[in-house]
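My numbering applies: residue 324 is where the sequence shown begins, and numbers increase by one.
Below you'll find the structure, written out as structure tokens, and then a few comments.
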Amino acid sequence: MPGNGRALYVDGFFESPAGKAVRVMTSAGNHYCNYNDYATNTWGGWYGTSTDHC
324 MPGNGRALYV DGFFESPAGK AVRVMTSAGN HYCNYNDYAT NTWGGWYGTS TDHC
């Protein structure tokens with residue numbers, strides 16, 4: 324998580340043929356996503372989101 328933050332809970336999990344993503348919520352009410360690209364098998368890093376998906 325950015326700034327060594329911690330997630331309060333997992334808020335969503337999404338998968339497509341291209342990869343998968345996980346969305347978490349912090350105690351401050353912020354949502355963050357991280358995406359795994361199947362082509363490279365790497366996670367992209369956490370980023371903030373205000374939508375109901377990643």
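In this text, a Cβ means the ideal position worked out from N, Cα and C, and glycines have one as well.
The continuous beta strand (DSSP E) containing ALA344 extends over residues 342-348. Ranked by how close their Cα comes to the Cα of SER350, the residues LEU331, ASP375 and TYR370 have LEU331 in first place. Annotation: TYR358 to GLY342 spans about 7 Å, alpha carbon to alpha carbon. For ASN359, the enclosing beta strand (DSSP E) starts and ends at 354-360. Burial state of ALA362 is exposed, judged by a 10 Å Cβ sphere holding fewer than 16 other Cβ atoms.
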